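One structure below.
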Amino acid sequence: MPCLASSERYSISLPNGHRFPIAKYELIREQLLWQGIAPPSDIYDPGLASEEDILRVHSTEYWHRVRDIQLTAAEVRRLGLPQSPELVRRSLSSVAGTVQSSIRALRDGIGMSLAGGTHHAFRDRGEGFCVLNDIAVAAARLLYHGEARQILVVDLDVHQGDGTASIFEKEPRVFTFSMHAGANYPLRKEKSDLDIPLDLGLEDAAYLQVLRDTLPQLLGQVQPDFIFFQAGVDVLATDKLGKLALTQEGCCQRDELVLGLCHQHQIPVAVSMGGGYSERISDIVDAHCNTFRVAYEVFG
Numbered sequence: 001m002p003c004l005a006s007s008e009r010y011s012i013s014l015p016n017g018h019r020f021p022i023a024k025y026e027l028i029r030e031q032l033l034w035q036g037i038a039p040p041s042d043i044y045d046p047g048l049a050s051e052e053d054i055l056r057v058h059s060t061e062y063w064h065r066v067r068d069i070q071l072t073a074a075e076v077r078r079l080g081l082p083q084s085p086e087l088v089r090r091s092l093s094s095v096a097g098t099v100q101s102s103i104r105a106l107r108d109g110i111g112m113s114l115a116g117g118t119h120h121a122f123r124d125r126g127e128g129f130c131v132l133n134d135i136a137v138a139a140a141r142l143l144y145h146g147e148a149r150q151i152l153v154v155d156l157d158v159h160q161g162d163g164t165a166s167i168f169e170k171e172p173r174v175f176t177f178s179m180h181a182g183a184n185y186p187l188r189k190e191k192s193d194l195d196i197p198l199d200l201g202l203e204d205a206a207y208l209q210v211l212r213d214t215l216p217q218l219l220g221q222v223q224p225d226f227i228f229f230q231a232g233v234d235v236l237a238t239d240k241l242g243k244l245a246l247t248q249e250g251c252c253q254r255d256e257l258v259l260g261l262c263h264q265h266q267i268p269v270a271v272s273m274g275g276g277y278s279e280r281i282s283d284i285v286d287a288h289c290n291t292f293r294v295a296y297e298v299f300g
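And the structure:
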C-alpha cells in the first residue's frame, strides 16, 4: 500500500506575489484526504535528512553556507527563494521525504513524497527554487547501503533535470533520463544519459507517443532495480513557465504509463512532485493529486 511523506515544514512564508506556488503542498494533502484518495494513516512526516546523507551529494562548503544562512546575494538570486532557517528546514524535510519514499518503495513497491523533485540543485549550488537535490541524495544513499545496483531517474518535469545530470555525470550506476521542453529553462543544459528535448507546444498524443517509444526500451537497456520518477506537472498547457501543451488527462496518462511499467516490471519506484506553475493553483493541485490517485490505482 502506498505511503505519502508530507510535512508542515514544506510550507514557508514567501514575499507577496512570489511566483513559487508554496501553498500547493498543504492544498494537495488536504485534497487527497478530502477526496478519499489517501487515508490519514498513509500520510507521515519524514523528519529531516541527515548531514551524512546530504554530504554524499553536496559539497561541504555549499551545505554549510546553506545551513548557516550564508549564501551570497548572487546565489540567492540564482536560487529564486529568500534564505532563512525555515527554508533550511523545508529543504531538509523535502529531501527526507524522498529518502523515506525510497526506503518504503523497497518494501512496498512504491513510495511517494508530497514535495521533492528539486532537480536544479547541483553539488555546489542551488538554482531554480531547488536548494538540495532530493533525488540525488536518496539515490546516493541507496547505492551506499547496497540497496540498489542500477538506478534509473525518469525526469518528466518540463525543465531539464540539469542538477541531477551533473551530479551523476560520472556515476554509471545512475542513469539519468530527462524529457523536457527544449527551448526553455535552463538556458545552458547539462548532459543527461538520455535527453529528449521536445518541441514547444507539444500536445498529449505526440508527447505520449515519444514516451511510449522510449521508456519500455530504456528499461530493457538500463535494467534498473530502482526508479526515481520526477512527476512535474509544469507540462500542462496552463503552465506559465512550461511551454508544452498537455491537458490534465494527458498528464494523467503519462503517470499511468510510467507507474504501470514500474508495477509490471516489479521495479520499486519513488515518486516526487517536481514543478507546476499554472495561473490557477487548482490546476496545479489537481494534476499532482492525479499522480497520487494513479499510484493508488496501480499499486493499491
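Quick note on full-length UniProt numbering: the sequence shown kicks off at 1 and runs consecutively.
Note that beta-carbon positions come from the ideal geometry of N, C-alpha and C, so glycine has one too.
These numbers were taken from a predicted model, which means no experiment stands behind them.
Check, Outcome
"Residues near D283 by beta carbon distance below 6 Å, same chain, minus five either side", "T238"
"Spatial distance of residue 322 from P2 (CA atoms)", "An answer regarding residue 322 cannot be provided, because it is not within the stretch 1 to 300 covered by the chain."
"Exposed unless 16 or more other CB atoms sit within 10 angstroms - verdict on A38", "buried"
"Simplified DSSP assignment, three categories, for E190", "coil"
"Cβ pair I43, S6 closer than 9 Å", "yes"
"As assigned by DSSP and simplified to three states, the class of V271", "strand"
"Inter-stretch contact (C-beta, 8 Å, three-pair minimum) for the stretch 60 to 72 and the stretch 112 to 130", "yes"
"Three CB pairs or more closer than 8 Å across the stretch 136 to 154 and the stretch 29 to 38", "no"
"Endpoints, beta strand (DSSP E) assigned at D42", "First-last for D42: undefined, no H or E at that position."
"Bridge partners - M1, DSSP secondary structure assignment", "None, per the DSSP bridge assignment."
"Endpoints, beta strand (DSSP E) assigned at Q230", "226 to 230"
"D204 and G182 closer than 9 Å at C-beta", "no"
"Cβ shell of A275 (< 6 Å), same chain only, five flanking positions each side left out", "The sequence given here has Gly at residue 275, not Ala. Once the five neighbours on either side are set aside, the close Cβ partners of G275 are D157, G232, D234."
"Nearest-angstrom beta carbon gap, N290 and C251 [assumed within contact, 8 Å]", "7 Å"
"Beta-bridge pairing of S178 - partner residues as DSSP gives them", "D155, D195"
"Whole-angstrom distance between A287 and G36, CA atom to CA atom", "16 Å"
"Alpha helix (DSSP H) segment containing I54, residue limits", "51 to 54"
"Burial state of D68 (16 or more Cβ within 10 Å)", "exposed"
"Validate contact between the stretch 185 to 194 and the stretch 73 to 83 using beta carbons, cut 8 Å, 3 pairs", "no"
"Range of the contiguous beta strand (DSSP E) that encloses I281", "Taken as a continuous stretch (DSSP letters only), I281 belongs to no beta strand (DSSP E), being part of the alpha helix (DSSP H) at 281 to 299."
"Per-residue DSSP class, three states only, for G163", "helix"
"Within 9 Å, strictly: CB atoms of P40 and Q150", "no"
"Straight-line gap, M179 to R107 (C-alpha atoms, nearest Å)", "28 Å"
"Burial state of Q83, where buried means 16 or more other Cβ atoms lie within 10 Å", "buried"
"C-alpha gap between W34 and L114, whole angstroms", "15 Å"
"Residue environment, H120, which counts as buried when at least 16 other CB atoms sit within 10 Å", "buried"
"Beta-carbon separation (whole angstroms), residue 373 vs R9, contact threshold 8 Å", "An answer regarding residue 373 cannot be provided, because it is not within the stretch 1 to 300 covered by the chain."
"Span of the alpha helix (DSSP H) around I110", "It is not in any alpha helix (DSSP H) - I110 instead sits in the beta strand (DSSP E) that spans 110 to 113."
"Range of the contiguous alpha helix (DSSP H) that encloses A23", "Premise fails: A23 is in no alpha helix (DSSP H) and is neither H nor E."
"Helix, strand or coil at E127 [DSSP, three-state]", "strand"
"Residues bridged to D239 (per DSSP)", "S278"
"Same chain, Cβ closer than 8 Å to Y25, neighbours up to 5 away in sequence not counted", "S6, Y10, S11, L114, A115"
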